[in-house]
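Below is one structure; the comments refer to it alone.
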Amino acid sequence: MTWLAGLRRRLKLNISLSKYTTFKVGGRARFFFEPKDTRELISILKESHKLRLACYVIGNGSNLLVSDKGLDAAVIRLSNPYFKKVDFKKNIAEAGSGLTVRQLLEKAKNQGLGGLEFLAGIPGTVGGALVMNAGIKTDSIGSLIKEVKVIDSNNEIRILKGSRLRFAYRKSNLAKYIILSAKFKLIKKSRQEIDWSIRDFLKKRWEAQDVSAFSAGCVFKNPTGDSAGRLIDLCGLKGKRIGDAQISGRHANFIINRGRAKAEDILKLIGFVKDRVKEKFGINLEEEIKIWQ
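Remember, our numbering sits 463 above the position in the sequence shown when you count from 1.
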């Protein structure tokens, strides 16, 4: 493939995706790119389209389950410094999509800018957090967005103003784009106040969630007016295990990898949970995690 010649330094072949997901499972990607900038990213997208090769963009893999069979596709990771830039102007922060949420919080704190503290402990990147509208019961990242720079399906760069963005519970209308960066509207606060708030949110998250083993966080979305974890717990499924995949004994909406789980084990456990909750409560649980297969 002659188009690879100029991109060979950024290309890896048949790369196991397990080390790029927090579940630590998944097969191999036929092509794995880490483009140096937007120009190179668009080149990869255009050539992949010509070859009818599917493209997937991966962040920290913290909300993702990849099939054991892998992907006959190009997987793109925006991990180079170009995609991790952050710039501050007054109370506006413009952050690259490859920046982790943790890094954004820390850099904003150093500028005396708050409002993001509720995201403390979320392990994903800015891009991933925007696609799924990450947050807590009372707040989400979408509420802070002024505009988002994206690449659309025609491989054109677009600026989406806040009025064109749609955020809802664990979803947004950004899933069809590749996110390059976003502008956040933040609040002037003292560094000490921000630090205290971050520590408080982290404490609550660590007390409620299972961080003892590999996982992808909450597997299912909460049904309207209820909690997926509560329903799973009432089915008596804490500790249920298939292979090395297990429902956490601490948080029933977490599936953890005890060490040697396969994606198939996790998928079977997801199906088992959905069947039991449907049987007992008549509720169809919907996955929060993304599944690539």
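All C-beta atoms, glycine included, are put in the ideal place defined by N, C-alpha and C.
Collapsing the DSSP output to three states places Ser626 in a helix. The segment 657–670 makes no contact with the segment 500–509: fewer than 3 CB pairs, one atom from each, lie closer than 8 Å. By alpha-carbon distance to Gly605, the top candidate from Val589, Glu619, Ile614, Lys487 is Val589. A distance below 6 Å between beta-carbons, with the five flanking residues on each side excluded, links Asp663 to no residue of its chain. Contact between Val736 and Ile695 holds: their C-beta atoms lie close to 6 Å from each other, under 8 Å.
Excluding the 5 residues flanking it on each side, Leu480 has same chain C-beta neighbours closer than 6 Å at Gly489, Ala492, Val529, in chain order. Annotated three-state conformation of Thr563 is strand, per DSSP. Closest in C-alpha terms to Pro544, from the list Asn618, Arg713, Ser644, comes Ser644.
Across the structure, Asn596 and Arg473 are spaced so that their CA atoms are roughly 30 Å apart. The three-state reading of DSSP puts Asp550 in strand, counting E and B together. By the criterion of a C-beta distance shorter than 7 Å, Arg633 is surrounded in its chain by Met595, Asn596, Lys684, Glu751, once the five residues flanking it on both sides are discounted. Per DSSP, the unbroken alpha helix (DSSP H) holding Ser660 starts and ends at 654–671.
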